[in-house]
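**Student:**
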Amino acid sequence: MERKWWHSGTVYQIYPKSFLDTNGDGTGDIRGIIEKLDYIALLGVDIIWITPVFCSPMDDNGYDISNYTEIDPSFGTNEEMYELIEEAGKRGLKVILDLVVNHSSDEHAWFVESRASKDSPRRDYYVWRKGKDGNPPTDTMAVFGGSAWEYDEATGEYYLHMFSKKQPDLNWHNESLRREIYDMMNFWLDKGVMGFRMDVIDMIGKHIDEGNCGNTEDTHRFIHEMYENTMKDRDCFTVGETGGANVERAKLFSNPARGELTCVFQFEHISIDEQNGCKWDLAPFSMKRFKEIINRWETELGDEGCVGLFWNNHDQPRALSRWGTEGKYRNECAKMMGILLHYLRGVPFVYQGEEFGMTNAEINDPQKFDDIEMRNYWREQLEKGADMEKVMKGIKAKGRDNARAPMQWNSSRNCGFSEAEPWIAARCNNPEITAEAALEDKNSVFWSYKQAIEYRKTSDTVKYGDFTLLETADEVFAYERSHEGEKITVVCNFSEKENEFIRTFSDNAELIQQVYQNADITAEKITLRPYEALVVVEKI
Ligand code: TEU
Ligand code: CA
């Protein structure tokens with residue numbers, strides 16, 4: 023397999039609105055990211071993914087873009103973005119931006135023109151259809167609730183929006199639209215951006231009249247064409263958000279020989295705790311299912327594809343609260359979860375705050391929900407006369423505000439995020455968890471994350487080794503990675519109870535990372551303490 027720079031890499035995801043506010047308006051900004059570059063570099067990551075900072079009416083916090091080449095004034099200026107790219111580069115950090123081109127904002131000039139008249143030159147940049155007997159053209163539902171079709175008075179037709187009404191879907195079947203998107207991507211690549219995280223990119227080739235939302239040959243054709251016209255001769259890194267991908271489709275997207283994407287996000291593990299295909303309909307976390315999913319991806323993808331490894335992002339509750347613990351063993355658990363993920367094959371992602379064990383936000387007051395998905399769901403259920411206690415339980419567990427609470431830098435006002443009242447009401451439920459405290463404590467989650475991130479860079483076994491899941495007690499997740507005469511064994515006790523692990527490695531295996539200070543790995547049967555994790559390496 024051809025060696026690439028990003029095989030050593032770990033990505034740090036920044037949600038700028040909640041990262042650091044430097045001008046006292048309560049909203050995080052680009053200057054705030056620049057100020058924290060040393061901190062990010064210290065963690066050892068190689069790539070920074072910045073979620074959308076382009077001009078936006080903020081209906082979906084920037085995932086509704088009204089101008090793709092202008093930075094939204096609430097975040098700063100284009101000059102500050104160029105400065106950020108340069109300053110990051112000085113520290114060996116590459117910047118990737120969020121590419122949101124399944125849809126734009128309804129306030130984008132293209133849509134304003136498109137909706138004005140059926141004869142507009144850009145009419146076909148969006149998906150317009152006539153209604154059927156006064157009803158929407160198909161019964162496709164929007165991710166944020168209700169029909170995916172919105173009737174537009176001006177021309178008496180419906181436009182498609184797979185997300186909010188203010189996020190009309192772009193029509194990728196139109197070639198001039200595609201050209202304009204590639205130009206826009208090249209604009210940013212020429213500024214030094216090293217790639218993109220591509221929002222719901224598996225939807226762009228949809229055939230909506232047949233009810234197909236993107237699982238088509240066209241999706242691959244468009245992504246390949248995009249690659250040919252933008253990134254082909256640049257050494258870029260891209261990750262596609264492909265919520266519907268199974269292993270076979272992931273290979274189509276990320277096989278290096280196909281010229282599409284570097285890697286993809288799969289969402290199977292993230293869906294374990296839901297049922298009936300509804301994220302709000304809670305199901306217990308199943309370790310058995312988790313093992314089955316990770317094992318399948320790690321063994322079946324091989325050299326034919328690449329997967330982004332993540333516990334958290336801006337759409338998910340904090341995994342530590344979700345599947346781990348906020349209690350006594352919070353730090354042990356956070357370290358264990360980090361270790362479990364960072365020794366897998368793939369590209370690890372760390373979401374801001376994860377590196378020092380941030381937990382979910384407190385979400386209580388429906389009046390103060392920020393996220394459009396939470397607000398729409400609440401309103402819909404209220405109108406339906408649903409059991410609102412149950413609805414609130416779902417929202418507390420899964421709502422997107424959970425991960426969007428401000429970063430907790432230190433113990434000062436607003437945890438050092440801003441002098442002013444933060445833009446979002448949600449607050450992390452434990453103000454004592456801060457970056458500053460983690461940096462001061464050599465046994466903190468931060469230094470454990472750094473150790474794993476740095477180790478990957480030096481280890482071909484972590485980068486390229488085969489994966490084998492070990493047979494263990496249910497609550498123990500243990501695996502081996504092997505490569506050219508070396509074996510790394512990772513043993514994780516995913517429980518606050520003790521569990522036994524029958525040693526599978528030799529007496530002279532060397533302990534390279536652990537959660538507690540004094541693990542004894544020579545015993546035949548190793549008693550794993552609450553959330554203990556061990557990483558050992560040996561020659562084979
Ligand atoms: O999310 C894509 C997506 O499919 C969502 O359904 C996501 O899984 C959902 O938020 C979970 O409840 C992307 C972005 O990451 C998200 O922030 C945007 O809101 C969405 O696209 C629309 O651009
Ligand atoms: Ca600000």
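Using the working numbering, read the sequence shown as starting at 23 and increasing by one per residue.
Heads up, the beta-carbon is just placed ideally off N, CA and C, and yes, glycines get one too.
1. Along the alpha helix (DSSP H) that carries Ala457, what are the first and last residues, could you check?
2. Please state the DSSP three-state secondary structure of Ala63.
3. Answer yes if the region 231-251 comes into contact with the region 98-115, meaning at least three C-beta pairs across the two stretches below 8 Å, and no otherwise.
4. Among the candidates Glu520, Thr526, Asp155 and Lys519, whose CA atom is the shortest distance from the CA of Val512?
5. If Thr381 sits next to Asn436, beta carbons under 8 Å apart, how far is it from one beta carbon to the other, in whole angstroms?
6. Taking DSSP's pairing of strands, which residues face Val149 in a bridge?
7. Under the criterion of a Cβ to heavy atom distance below 6 Å, does Asp94 qualify as lining ligand 2?
8. With 16 other CB atoms within 10 Å as the buried threshold, where does Trp150 fall?
9. First and last residue of the beta strand (DSSP E) that includes Leu119?
10. Are the region 136-155 and the region 351-370 touching by the rule of at least three beta carbon pairs closer than 8 Å?
11. Tell me Asp191's beta-bridge partners as DSSP assigns them.
12. What do you get for Thr483, buried or exposed, if any count of 16 or more other CB atoms within 10 angstroms of its CB means buried?
13. Report the rounded CA-to-CA distance for Leu59 versus Gly360, giving the unit in angstroms.
14. Is Ile548 near Leu533, with beta carbons less than 7 Å apart?
15. If you draw a straight line from the alpha carbon of Gly217 to that of Thr252, how long is it in whole angstroms?
16. Residue range of the beta strand (DSSP E) that Trp171 falls in?
17. Using DSSP's beta-bridge definition, name the partner residues of Trp71.
18. Just mark Ser308 as buried or exposed, buried being the case when its beta carbon has 16 or more other beta carbons within 10 Å.
19. In angstroms with no decimal places, state the Cα-to-Cα distance between Ala541 and His195.
20. Taking the straight line between their C-alpha atoms, what separation do you get for Tyr173 and Glu314?
21. Which residue from Lys472, Phe516 and Ser517 puts its Cα closest to that of Leu64?
22. Verify whether the separation of the beta carbon atoms of Leu106 and Ile36 is less than 7 Å.
23. Using DSSP with H/G/I as helix, E/B as strand and the rest coil, what is Leu491?
24. What is the residue span of the beta strand (DSSP E) that Glu560 lies within?
25. Looking at C-beta atoms only, is the number of pairs between the region 168-183 and the region 133-140 that lie closer than 8 Å three or more?
26. If you compare alpha carbons, which of Gly66, Ala457 and Val557 is closest to Ala500?
27. Looking at the structure shown, is Thr511 part of a helix, part of a strand, or coil, going by DSSP?
28. Would the C-beta of Phe185 count as close to ligand 1, meaning under 6 Å from any of its heavy atoms?
29. Within its chain, find whatever has a CB closer than 6 Å to the CB of Cys77; leave out the 5 residues flanking it on each side and keep chain order.
30. In whole angstroms, what separates the C-alpha of Trp431 from that of Gly438?
31. If you drop the 5 nearest sequence neighbours on each side, which residues of the same chain put their C-beta closer than 7 Å to that of Lys357?
32. Is Asn45 near ligand 4, going by C-beta to nearest heavy atom under 6 Å?
33. Quick check on Phe378: does DSSP put it in helix, strand or coil?
34. Is the region 339-359 touching the region 260-275 in the sense that three or more CB pairs, one from each, lie closer than 8 Å?
35. Going by DSSP, what residues sit across from Asn89 in a beta bridge?
36. Once you ignore the five residues that flank Thr260 on each side, which residues in its own chain have a CB closer than 6 Å to its CB?
**Tutor:** Checking against the coordinates, here is how it stands:
1. Position 435 of the sequence shown holds residue 457. For Ala457, the enclosing alpha helix (DSSP H) starts and ends at Ala457 to Glu462.
2. Counting from 1 along the sequence shown, the entry for residue 63 is found at position 41. Ala63: helix per DSSP, three-state reduction.
3. Three or more beta-carbon pairs separated by less than 8 Å are not found between the region 98-115 and the region 231-251, which leaves the two stretches without contact.
4. Along the sequence shown, read from residue 1 onward, the residue named residue 512 stands at position 490. Its Cα nearest to that of Val512, the residue Thr526 stands out among Glu520, Thr526, Asp155 and Lys519.
5. As a working note, residue 381 is residue 359 in the sequence shown. As a working note, residue 436 is residue 414 in the sequence shown. No, Thr381 and Asn436 are not in contact; Cβ-Cβ is about 17 Å, not under 8 Å.
6. Within the sequence shown, numbered from 1, the residue matching residue 149 stands at position 127. According to DSSP, Val149 bridges with nothing at all.
7. Translated into the one-based positions of the sequence shown, residue 94 becomes position 72. No, the beta carbon of Asp94 sits no closer than 6 Å to any heavy atom of ligand 2.
8. Counting from one through the sequence shown, the residue named residue 150 turns up at place 128. Result: buried.
9. Here the question's residue 119 lines up with position 97 in the sequence shown. From DSSP, the beta strand (DSSP E) with Leu119 extends over Lys116 to Leu121.
10. No contact exists between the region 136-155 and the region 351-370.
11. As a first step, residue 191 is located in the sequence shown; it is residue number 169 there, counting from the start. Paired residue(s): His125.
12. Here residue 483 refers to the residue found at position 461 of the sequence shown. Thr483 comes out buried.
13. If you number the sequence shown from 1, residue 59 lands on position 37. If you number the sequence shown from 1, residue 360 lands on position 338. Cα to Cα, Leu59 sits roughly 21 Å from Gly360.
14. Here residue 548 is taken as the residue at index 526 of the sequence shown, counted from 1. Here residue 533 is taken as the residue at index 511 of the sequence shown, counted from 1. No; because the gap between Cβ atoms is not below 7 Å, this pair is not in contact.
15. Sequence index remark: in the sequence shown, residue 217 carries index 195 (1-based). Sequence index remark: in the sequence shown, residue 252 carries index 230 (1-based). The straight-line gap from Cα to Cα measures roughly 10 Å.
16. Looking up residue 171 in the sequence shown gives position 149. Trp171: member of the beta strand (DSSP E) spanning Trp171 to Asp174, first to last residue.
17. What you label residue 71 is simply residue 49 of the sequence shown in a count that begins at 1. Beta-bridge pairing by DSSP links Trp71 to Gln35 and Ile118.
18. Looking up residue 308 in the sequence shown gives position 286. That one is exposed.
19. As a first step, residue 541 is located in the sequence shown; it is residue number 519 there, counting from the start. As a first step, residue 195 is located in the sequence shown; it is residue number 173 there, counting from the start. Between Ala541 and His195, the C-alpha separation is close to 58 Å.
20. For this step, residue 173 is matched to residue 151 along the sequence shown. For this step, residue 314 is matched to residue 292 along the sequence shown. Taking the Cα positions, Tyr173 is about 44 Å away from Glu314.
21. The residue you call residue 64 lines up with position 42 of the sequence shown. Ranking Lys472, Phe516 and Ser517 by CA distance to the CA of Leu64 puts Lys472 first.
22. As a first step, residue 106 must be located in the sequence shown, where it is residue number 84. As a first step, residue 36 must be located in the sequence shown, where it is residue number 14. When the beta-carbon positions are compared, Leu106 and Ile36 stay at least 7 Å from each other.
23. The residue you call residue 491 lines up with position 469 of the sequence shown. Strand at Leu491.
24. If you number the sequence shown from 1, residue 560 lands on position 538. Ala555 to Lys561 is the span of the beta strand (DSSP E), which, as asked, contains Glu560.
25. These segments touch.
26. By one-based count along the sequence shown, residue 500 stands at place 478. Nearest C-alpha to Ala500: Val557.
27. The residue labelled residue 511 in the question sits at position 489 within the sequence shown. Residue state, collapsed to three classes: strand.
28. Residue numbering aside, residue 185 sits at position 163 when the sequence shown is read from its first letter. Yes, since a heavy atom of ligand 1 falls inside the 6 Å radius drawn around the Cβ of Phe185.
29. The sequence position of residue 77 within the sequence shown is 55, counting from 1. Excluding residues up to 5 positions away in sequence, Ser88, Asn89, Glu92 and Asp94 lie with their Cβ nearer than 6 Å to the Cβ of Cys77 in the same chain.
30. By one-based count along the sequence shown, residue 431 stands at place 409. By one-based count along the sequence shown, residue 438 stands at place 416. The straight-line gap from Cα to Cα measures roughly 5 Å.
31. The residue you call residue 357 lines up with position 335 of the sequence shown. Cβ contact annotation for Lys357 (same chain, cutoff 7 Å, sequence separation greater than five): Val467, Ser470, Val537 and Ala555, in chain order.
32. Ligand 4 is not part of the structure shown, which contains ligand 1 and ligand 2 as its ligands.
33. For the purposes of this step, residue 378 is taken as residue 356 along the sequence shown, with counting starting at 1. Judged by DSSP in its simplified three-state form, Phe378 adopts helix.
34. The count of Cβ pairs closer than 8 Å, one atom from the region 260-275 and one from the region 339-359, stays below three, leaving the stretches out of contact.
35. Position 67 of the sequence shown, counting from 1, holds the residue named residue 89. Cys77, per the DSSP bridge assignment.
36. For the purposes of this step, residue 260 is taken as residue 238 along the sequence shown, with counting starting at 1. Contacts found: Gly217, Phe218, Leu283 and Thr284.
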